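Below is one structure, written out as structure tokens, with a few remarks after it.
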Amino acid sequence: MRHAGKKIIVSGGSRCNVLPEEVDLQTDFVTESKPAALRAVFASWSLEECRHWLEQDVGLPLALEAETRKFFPANGSERAADRVVLALGGSSFPKMGTDGTGFRVLRALGHTLRPPYPALTPLKGAHPAGSQLAGLAAYEAQLESVPVRTPDGDSATPGGGGGGGRRKRGARRAARRSLLFTHRGFSGPGVLDLSHTFTMAAERGGAPPELRVAWTPDGAAAWDTRLQAPAGAESVAARLRRGGVPARLADALCSEIGLEGGARMAALRREQRIALVRALTAYALPIAGHEGYAKAEVTGGGLPLDEVDCSTLESRLRPGLFVCGELLDVFGRIGGFNFYWAWVTGRLAGLAAGKPLARGVQEDMMMQRDISNKPSYPL
Numbered sequence: 001m002r003h004a005g006k007k008i009i010v011s012g013g014s015r016c017n018v019l020p021e022e023v024d025l026q027t028d029f030v031t032e033s034k035p036a037a038l039r040a041v042f043a044s045w046s047l048e049e050c051r052h053w054l055e056q057d058v059g060l061p062l063a064l065e066a067e068t069r070k071f072f073p074a075n076g077s078e079r080a081a082d083r084v085v086l087a088l089g090g091s092s093f094p095k096m097g098t099d100g101t102g103f104r105v106l107r108a109l110g111h112t113l114r115p116p117y118p119a120l121t122p123l124k125g126a127h128p129a130g131s132q133l134a135g136l137a138a139y140e141a142q143l144e145s146v147p148v149r150t151p152d153g154d155s156a157t158p159g160g161g162g163g164g165g166r167r168k169r170g171a172r173r174a175a176r177r178s179l180l181f182t183h184r185g186f187s188g189p190g191v192l193d194l195s196h197t198f199t200m201a202a203e204r205g206g207a208p209p210e211l212r213v214a215w216t217p218d219g220a221a222a223w224d225t226r227l228q229a230p231a232g233a234e235s236v237a238a239r240l241r242r243g244g245v246p247a248r249l250a251d252a253l254c255s256e257i258g259l260e261g262g263a264r265m266a267a268l269r270r271e272q273r274i275a276l277v278r279a280l281t282a283y284a285l286p287i288a289g290h291e292g293y294a295k296a297e298v299t300g301g302g303l304p305l306d307e308v309d310c311s312t313l314e315s316r317l318r319p320g321l322f323v324c325g326e327l328l329d330v331f332g333r334i335g336g337f338n339f340y341w342a343w344v345t346g347r348l349a350g351l352a353a354g355k356p357l358a359r360g361v362q363e364d365m366m367m368q369r370d371i372s373n374k375p376s377y378p379l
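Spelled out as structure tokens, the structure:
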């Protein structure tokens, strides 16, 4: 089962009627087995003992509803605890239950948040030359996010995160990874890794960066040389394909700079060659929007690390509150890095929150060991 206790949550009209007031084994249960066998099972734990366990051991106070004669959690679903780990996730994929509740809890408790934004999310935009390239993958693409510069020379785009504060205002280049054309725009690891530079600006009112893509590993000089090599009757699109550009993309890029289908290399003018080199090595993706939290793999922004003790992840404002995962102002790129962050922070917060309990258990074990080691004397 993917989530434990889901049937408990929906019972009693989602109010969780956890126990009846009384029980009659003959009328309240149905079985084709022997009644004596049923009685034997229930004899191991009475209704009163079960209720005592829920209230005293689990710490869940129960209230009897007079009309239905059922026990429900008292005070709704509230539970008091001295130490709590907040692990509610961010706002990405809200259909999975991560709807930003954790951020609202942190704000209500007095914490400041770096405004959250969707990250690792597909981007919307038109394909080269207005063509439909959905399903096409450019496996050797490399993207670069270039901030828009203001008249004073500073970046108008908010920082890109990761690797230290000073680098946030500069251009960010993704590893050479695939770019996937979708029906609505662009996806794939290369796009997702840099999508936050666009979504952060969009969510915070900054100027969006320009996302440029080099479709192959070859740089401008290499392509310029290739496009000036003897051609014969070879078409421009064929020359691009020989350089590693997917066929449909090669046709679209030729159309983008105004070359007719089947245009020959011998007829390629200088200004067309320059435009084509730029389209091959620094193509500006026409980004028009993003898919938001609905398709974002993670959430950027969140609780600044200086508001927690980084050795325990305990809140500096609310002792006993521990925060982990996406609620913190950290996320990783595609490739398992966000799982690693979740495992590390979940472990750190859990160990710190449970340390007093673990200490108590250890003391009890030592006490039991001492008692068992004492010599016994016959009366």
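Just so we're aligned: the sequence shown equals residues 1 to 379 in UniProt numbering. Every residue, glycine too, gets a C-beta built ideally from N, C-alpha and C. Quick caveat, the model's predicted, so the values are computed rather than measured.
Asked                                                                                                                    : Found
Closest residue to Gly-292 among Thr-345, Gly-354, Ser-91 (Cα-Cα distance)                                               : Ser-91
Gln-132 versus Asp-329: straight-line alpha-carbon distance, rounded                                                     : 37 Å
Minimum length 3: unbroken beta strand (DSSP E) runs contained in the stretch 19-102                                     : 62-65, 70-73, 84-86
Identity of the residues DSSP links to Ser-145 by a beta bridge                                                          : Arg-172, Leu-211
Contact check, Ala-141 vs Val-245, beta carbons under 8 Å                                                                : no
Delimiting residues of the beta strand (DSSP E) encompassing Ser-187                                                     : 185-187
Check: Asp-99 C-beta below 7 Å from any heavy atom of the ligand GTP                                                     : Of the ligands one can find in the structure shown there are none, so the ligand GTP has no counterpart to examine.
Unbroken stretches of the alpha helix (DSSP H), 4 residues or longer, contained in the stretch 198-251                   : 220-228, 236-242
Residues near Thr-121 in its chain [Cβ-Cβ closer than 6 Å; skip 5 each side]                                             : Ser-195, His-290, Glu-291, Lys-295, Ala-296
Per DSSP, the bridge partner or partners of Lys-124                                                                      : Gly-185, Gly-289
Span separating the alpha-carbon of Gly-188 from that of Arg-242                                                         : 23 Å
Reduced DSSP secondary structure (H/G/I, E/B, other) of Asp-309                                                          : strand
CB contact flag (Leu-86, Leu-327, <8 Å)                                                                                  : yes
Neighbourhood of Glu-203 by C-beta distance below 6 Å, restricted to the same chain and skipping five residues each side : Tyr-117
7 Å CB neighbourhood of Gly-164 in its chain, flanking five on each side removed                                         : Confidence is the limiting factor: at Gly-164 the pLDDT is only 38, short of 50, which leaves the residue's position unreliable, though a coordinate-based value still follows. So the list is empty, once near-sequence residues are dropped.
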